[in-house]
Amino acid sequence: MRRGMLFAVLAVLIWSGFIVVSRLGGKSALTPYDMVALRFGVGAVLLLPLWAWRRTRLLDGRLLRLGLIGALGYALLAYWGFRLSSALHAAVLLPGLLPFLVPLLLWWLLGELPAPAKLVGLALIAAGVGCVAVENFAGATSGWGDVLLVGSALCWAWYSVTIRRYAIHPLDATIGSALWAALCFLPVYLLWLPSGLASAPWGAILLQAFYQGALAVVVTMLLYLYAVEHIGAARMGAMMALVPALSGVLALWLLQEPLSGWLLAGLALSSAGAWLVVRPPSFSSTRSFACLTSISRLPARAPRPSRRPN
C-alpha cells in the first residue's frame with residue numbers, strides 16, 4: 012500500500028508540474044513544434060526497449076488513430092495553447108476539464124450515461140470553465156489560447172475513451188501512440204517546420220526534453236499503471252482530482268501569475284467538480300469504481316490484436 016501511494020503521489024506531482032514546465036517552454040524561444048519534437052523524439056527513444064519487450068504490434072490502424080489524435084493532436088494544441096494562455100488558465104482547462112469531457116464522450120460514443128451522483132460534479136466543472144470565460148470577456152488576452160487548450164483536453168478525453176472502446180491495454184496504447192506520433196511528425200518537423208532550438212539556451216532545451224519526453228510520456232504512465240495495480244483504480248482516480256488545484260498552486264508559486272477572483276473561483280469549482288466526478292461511492296471497495304482504462308494486472312506481453320474490422 013505504501014509503495015502504491017508513493018507511485019500515486021509522484022504521478023500527481025509530475026502531472027501537475029507539466030502545466031508549469033509547458034508554460035515555461037511556451038514563454039521561451041522554443042516553438043510549439045520544438046516542444047512536440049522533444050516530447051516524442053525523446054519519448055520514442057525511451058519507449059523502444061519497452062516496445063521490444065511488450066511486442067506491441069504497430070501495424071494497427073487503431074494505434075495510428077490514437078497517435079494522430081490522442082498523442083500528436085493533444086500535444087500540438089496544448090503547446091500552442093501554452094504559448095498564448097497562462098498556466099492558471101491551463102490548470103482549469105486541461106486537468107480540470109477532462110473529468111467533464113470524458114463522461115460526455117462515454118455517453119456519446121458508448122451510450123453510457125453518467126450516474127446522477129456525478130451530475131453535480133459535472134455542473135461544477137462547467138461553472139469553473141465559465142469563470143475562465145467571464146475573465147476573458149472582462150479583458151484577458153488569452154482567448155485563442157484557451158480555445159486551443161479546450162481542444163487539447165478534448166483530444167485527450169477522446170484518447171482515454173477510445174482506449175476503452177478498442178479494449179487496448181494502456182501500456183500498449185502509450186507505446187504505439189507515441190511511436191506513431193514520432194514517425195508521423197519528426198520528418199515533417201525536420202524538413203519544413205520553423206524551429207527556435209538554435210536561439211534557445213541549452214538549459215531550457217534539456218528541461219523540456221527531460222520533462223516532456225521522459226517524465227510526461229514514459230514515467231507518468233508507468234507510475235499511474237503501477238499505482239492502480241497497488242492501490243486500485245478508485246483511490247488513484249480520486250488522487251488525480253488533485254491535479255487542477257495543485258497545478259494552479261504551482262503556477263502561482265513558480266510563475267508569479269496574477270490571480271483574479273474569477274480565476275480563483277474557476278480553480279476551486281473545477282477542482283471540486285473533478286473530485287466529485289472521479290470519487291468512488293466508497294473507498295472500501297475499489298471494484299465499485301470503473302476505471303476508464305480498466306486496468307487490473309500488467310500482462311507479460313501484449314494480447315493479439317482483434318481480427319474484427321476497424
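Going from the sequence shown to my numbering is simple: count from 1 and add 11.
We put the CB at the ideal spot given by N, CA and C, even for glycine.
Q. Whose C-beta lies closer than 6 Å to the C-beta of ARG144 among residues of the same chain, with five residues either side of it excluded?
A. According to the sequence as given, residue 144 is Ala; it is not Arg. Same-chain partners within the cutoff: there are none.
(Q) Comparing C-alpha positions only, which one of VAL31, VAL47, GLY78 and LEU35 sits nearest to THR185? (A) Ranked by Cα distance from THR185, the options VAL31, VAL47, GLY78 and LEU35 are led by GLY78.
**Q.** Per-residue DSSP class, three states only, for GLY207
**A.** In this structure, GLY207 counts as coil in the three-state DSSP scheme.
**Q.** ASP183 - DSSP class collapsed to helix/strand/coil
**A.** Looking at ASP183 - three-state DSSP - the assignment turns out to be helix.
Q.
Is it buried or exposed, VAL56, if we count other Cβ atoms within 10 angstroms and call 16 or more buried?
A. By the 10 Å Cβ count, VAL56 comes out exposed.
**Q.** Start and end residues, alpha helix (DSSP H) containing LEU253
**A.** First-last for LEU253: undefined, no H or E at that position.
Q. Thinking just about the alpha-carbon of each residue, which of LEU204, TRP155 and LEU74 is nearest to the one in LEU104?
A. Residue TRP155 is the option with its Cα nearest to LEU104.
Q: Taking 8 Å as the cut-off, decide whether the C-beta atoms of VAL172 and LEU109 are in contact.
A: When the beta-carbon positions are compared, VAL172 and LEU109 stay at least 8 Å from each other.
(Q) According to DSSP, simplified to helix, strand and coil, what is GLY52? (A) Of the three classes helix, strand and coil, the one that applies to GLY52 here is helix, per DSSP.
Q) What runs of the alpha helix (DSSP H), each 4 residues or longer, lie entirely inside the segment 218-292? A) Runs found: 231-251, 254-261 and 272-289.
Q. Pick from GLY107, LEU83, PRO205 and TRP264: whose alpha carbon is nearest that of GLY141?
A. The residue among GLY107, LEU83, PRO205 and TRP264 with its C-alpha nearest the C-alpha of GLY141 is GLY107.
Q. Taking the alpha-carbon positions, what's the SER295 to ASP183 distance?
A. Low local confidence applies: a pLDDT of 37 at SER295 is under 50, so the model's placement there is unreliable, with the coordinate-based value given in what follows. Between the alpha carbons of SER295 and ASP183 lies a distance of about 30 Å.
(Q) SER163 and ALA89 - do their beta-carbons sit closer together than 8 Å? (A) Yes, Cβ-Cβ distance for ALA89 and SER163 is below 8 Å.
Q) Hey, how far is the Cα of MET16 from the Cα of PRO205? A) Taking the straight line joining both Cα atoms gives about 42 Å.
Q: Can you tell me which of the three DSSP states GLY92 falls into?
A: The answer is helix: DSSP assigns GLY92 an H, G or I state.
Q) For LYS38, which of helix, strand or coil comes out of DSSP? A) In the three-state reduction of the DSSP assignment, LYS38 falls in the coil class.
Q) Leaving out the 5 sequence neighbours to the left and right, which residues in its chain are closer than 6 Å to LEU41 when beta-carbon positions are compared? A) Counting only residues of its own chain and dropping the five nearest sequence neighbours on each side, LEU41 has a CB closer than 6 Å to the CB of GLY207 and ALA211.
Q | Outcome for LEU59 when other beta-carbon atoms lying within 10 angstroms are tallied against a minimum of 16 | A | So LEU59 counts as exposed.
Q: Please name the residue, chosen from LEU135, VAL161, LEU278 and TRP118, that lies closest to LEU95 on a Cα-to-Cα basis.
A: For the set LEU135, VAL161, LEU278 and TRP118, the Cα lying nearest the Cα of LEU95 is the one of VAL161.
Q: With GLY162 as the anchor, note down where its alpha helix (DSSP H) starts and where it stops.
A: Per DSSP, GLY162 is one residue of the alpha helix (DSSP H) stretching across 154-177.
(Q) Could you tell me the alpha carbon to alpha carbon distance between ALA138 and ALA285, rounded to whole angstroms? (A) Spanning the two alpha carbons is a distance of roughly 12 Å.
Q: May I ask you to report which of helix, strand or coil DSSP gives SER97?
A: SER97: coil per DSSP, three-state reduction.
**Q.** 7 Å Cβ shell around ALA238 - same chain, five flanking residues per side excluded
**A.** Correct list, in chain order: GLY15, PHE18, ALA19, ALA22 and MET247.
**Q.** Distance between PRO181 and ALA225 (C-alpha atoms, nearest Å)
**A.** In this structure, the CA atom of ALA225 is about 17 Å from the CA atom of PRO181.
Q) Hey, how far is the Cα of GLY132 from the Cα of MET250? A) Whole-angstrom Cα-Cα distance: 15 Å.
Q | Touching by the beta-carbon criterion (3+ pairs, under 8 Å), the segment 63-83 and the segment 229-237 | A | At 8 Å Cβ cutoff, the stretches do not touch.
Q. What number of angstroms, rounded off, separates the C-alpha of ARG298 from the C-alpha of ALA283?
A. Here the model assigns ARG298 a pLDDT of 35, short of 50, so the residue's position is not dependable, and the following value carries that caveat. Using only the alpha carbons, I get a separation of about 23 Å.
**Q.** Contact check, ALA98 vs LEU266, beta carbons under 8 Å
**A.** Their beta carbons are under 8 Å apart, which means ALA98 touches LEU266 by this criterion.
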